[in-house]
Amino acid sequence: MRQLVLLCVVLSSFLGFAQRLPELARPVNYNLTFAPDFEKNIFAGQETISIRVLKPTSEIVLNAAEIDFLSASIMSAGIAQQAKVTLDKDKQMVTLVVEKTLAPGSATIQVHYNGLLNDELRGFYLGKDEQGRKYAVTQFEATDARRAFPSFDEPAYKATFDITVIAERKHVAISNARVLSDKPGPAEGQHTVKFATSAKMSSYLVAIAVGEFEAVEGEADGIPIRIWGTPGKKQLDGFALESAKFFMHYYNHYFGIKYPFEKLDLIGLPDFSAGAMENTGLITFREALLLIDDKHASIALKREVADIVSHEMAHMWFGDLVTMQWWDDIWLNEGFATWMSPKPVAAWKPEWHVELETVRDAITSQGVDSLQNTRPIQQAAETPAQIQELFDGIAYGKAAAVLRMLEAYIGPESFRSGVKQYLKQHSYGNATARDFWTTLAKVSGKPVDRVMPTFVQQAGLPFVAVRSECNGGATQVTLRQQRYLFDRELFNRDESKELWRVPVCLKEGGTAGSGKTCRLLTEKEARFDLPSCGNWTLANAGAEGFYRSGYEAANVRTIAEDLEKGLTPAERIMLLGDVWASVRVGRQPLTDYLALAEGLQNETSRPVMSEMLSQLEYIGHYLTSSQDQPQYAIWVRQLLAPSIRRLGFEPRPGESEEDKQLRSRVLQVAGGTGLDPEVLAWARKWTDRALASGGPLDNTIAETAFSLAARDGDSALYDRVVEKQKQAKTPEDFYVYLGALNSFTDPKLIERNLNRALSPDIRSQDAVGVISDIMDIPAGGELAWDFMKIHWDEVAKISGGFAGAELVNATSTFCSAEQGEQVRDFFGAHKVPSAERGLQQSLERIQNCSDLKSQQGPRLAQWLTDREVRVGQ
Ligand SMILES: [Zn+2]
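Going by the numbering used here, the letters in the sequence shown line up with residues 771 to 1643, in that order.
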């Protein structure tokens, strides 16, 4: 699954303490018939499960939730017995009890039941397109297949599925497998679609979509690929189809196992809670992340769509063909798909430099992992709420970054052979973390099975302090590891007991042979020798290690003078992250970071600049006081002036897509943080022109221009944007206008916008995004927080409760002790069970931010005052 938001389940009736199914039987095949009724919002279900009984028993336990059982029987050894049905709502289980004991061996369960087509975006649910046409679709991961059919709803119970759908004639039915037959009936105006027997798979990967969908078709390596959407969107299918074709061929080659599921359907849905879901052979997407106008879409969105298609397709091997044994190893799915997805995208569009985005992503994951309330990659979870909370930045981002480090450590070819062997060994089955690293250790001959547990089973990440000394023409480098924590006091006390086996790569500056030297750091402190004496030492050469490097101040200053020539763009990004990490714990002053930023004034790499710009925004938002804010703005303007001169305000013929995006980002920070009058005037003019024209927009720049114009926008401008949003021609346009509306700072307009979030104008899946976006802007924080508290009962119910966890996480953007208290009090009284860790993380982030502000704020003010003197000379 690909997350947009942290999924969560808050309705207390669904929580309970779902335990594991007893090992009494295993499913072999499910034969399922679904007859959805769009008028009554229900469906009729008929189910035959072929099972293997493992030991003599008179009961079989299945998972089921919101299922109305009409009849149930079990047939064994030629005898059919009616079963007594006992539901346990809290555990989401049902026990079928028969009189005569079932002997080990084959048996079949037969169930007739009714289920709900709910509006909670999970299980089997109803959605609507813009014209109000209904469709029904499934979303089962992690524990919602049980809402559609009684099942052994745990990932290790793999089985084959024979699915039949009885639908209205005008509706198409799609499922995991190809269509076997499509015949009229049984009733007038209906048709019955039978699908072929599926591959052996876990229940959470079963999928059905029923509605008036249309598709564009293609193929790659003989595999049919179709892109589906609701009516009238076929012209938005091209980009996804081209990317999917390219990726199919890439993966077939990379894995050496041909795509195992006969056909691939990808469908964009107007109502969808996550980003996308990797159901076997039928991947479901949030519509805006699949169906785009190739000509006008922002390049960032194209990159995102390509990445998400690539991620979901990687799951066909990692997740669908080979599945984790239990949810504690969800990283084997999500970490792998996240690690894998940039590879085919980089091969398809090298000009996008997605390989540098992976460095930025690693730094983001280091941020989560720097909290005391982080968790190990491998983490026990039993209840649905605990399982949902595992779909976080650790399972996706950290796991991917650790795999990236591992690939660099053993070499890409060795890694690939290991992966191939692991997939081959466990095809159509399940695997654990140990299975994975045992295979890789064997294939590579390196101690992967000793390195990986230190990163997978231990929470947090290492900070590697570097000291280097030139001695007799060679450099002696001393490396010392300790756990990194944002908490300044804890970090500096250095009492952490953790020890990692860290693959470290070193590089020296200014020497002839500037290759990297890689070692395994296994002790708390170790000395490594480099053959010559350079003028600086870099501790994460190649930027592939998942650790933070701590430098001596003099070393950073020397590196800073050599940034462009001495470091690759990836290393520059990592250095920015490392220096910032040292600032956070008071190891280096904030002003060292600003000096580093000044060294990047002529930087042209978009990802490097973007990393720095985000930090400058953060400093402007949180660390400046109202007195020094104007001075900081001037400094930012001066810093960005060379970039604006180079890029200009308007696109230039033949310019690269990277420059186009960089312009947008630089202008956004120059206007938003630097308050540059020229940039703000440009944004207003651009916005007026764009709103007056009826034509499509260049969305790469539109987002920036609109958000800057909205900052001082009045109600007339607000109304014009609302009108435009109502007429949006593509899903992306809708969100570009939505983003503009979320950027208004006039309190009256913020109130209007918050109220609109809960009105029928906004789909329920988007409401929480509006509230959290507004919470994130300085003018909106308090207003959005008050609004959320007043409307909590309504908000918490959205999307079956997904909204609650996202809002808990959104409060992490607060930065004062008082706000921290409010958050603690409110969520103490209004519990969100699937955001327990999320709440602790938010509180910790608020505390850290407030500490950083009190520590670095005065230094920043002094530095700015000193600078202004120099500027005036
Ligand atoms: Zn995923």
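Built from N, CA and C at the ideal position, the CB exists for glycine as well. In this text, all values refer to a predicted model and were calculated from it rather than measured experimentally.
Measuring straight from C-alpha to C-alpha, what distance separates residue i and residue j?
i, j, result
"L887", "H941", "16 Å"
"E1082", "G1280", "43 Å"
"Y1254", "F1261", "6 Å"
"G1444", "T1457", "19 Å"
"K1072", "E1259", "43 Å"
"W1109", "Y1020", "15 Å"
"S1068", "W1122", "13 Å"
"T1500", "I1053", "21 Å"
"P994", "R1522", "47 Å"
"D1362", "Q1142", "26 Å"
"D1099", "E1420", "48 Å"
"Q1251", "T1287", "18 Å"
"L1269", "T1224", "7 Å"
"K964", "A1203", "37 Å"
"R1130", "G875", "53 Å"
"Q1610", "R1481", "32 Å"
"V798", "L866", "18 Å"
"V831", "Q880", "13 Å"
"L785", "D1556", "For L785, the predicted structure reports a pLDDT of 38, less than 50, and the residue's modelled location is therefore unreliable. A value from the coordinates is still provided. Cα to Cα, the separation comes out at about 27 Å."
"I1027", "A1165", "25 Å"
"R1526", "D1348", "41 Å"
In or out: residue i buried (at least 16 other Cβ within 10 Å) or exposed?
i, result
"L950", "exposed"
"S1624", "exposed"
"A1324", "exposed"
"D1636", "exposed"
"R721", "Because residue 721 is not part of the residues shown, which for the chain are 771 to 1643, the question remains open."
"E1239", "exposed"
"L1006", "buried"
"P1628", "exposed"
"D899", "buried"
"N1469", "buried"
Do residue j and residue i count as a contact pair if the criterion is CB distance below 9 Å?
i, j, result
"I844", "V868", "yes"
"P925", "A834", "no"
"I1520", "A1479", "no"
"L1231", "F1316", "yes"
"K1518", "Y1507", "no"
"G981", "A906", "yes"
"T818", "L794", "no"
"V1492", "L1511", "yes"
"T1515", "I1547", "yes"
"T1209", "Q1227", "no"
"L1568", "V1538", "Checking the sequence shown, residue 1568 turns out to be Ile, not Leu. Yes. Within cutoff."
"E1381", "I1343", "yes"
"L840", "N811", "no"
"M971", "T913", "no"
"L1091", "A1014", "no"
Taking 8 Å as the cut-off, is the CB of residue i close to at least one heavy atom of ligand 1?
i, result
"N1103", "yes"
"H1085", "yes"
"G1089", "yes"
"T1153", "no"
"T1208", "no"
"T1581", "no"
"A1107", "yes"
"Y1179", "no"
"E1074", "no"
"E1159", "no"
"Y1166", "yes"
"H1081", "yes"
"E1048", "yes"
What are the partner residues of residue i, as DSSP defines its beta bridges?
i, result
"A1244", "N1241"
"V942", "G981"
"T1134", "Paired residues: none, contrary to the question."
"N799", "S820, T930"
"W998", "A985, I1037"
"A877", "I821, S846"
"G1320", "A1235"
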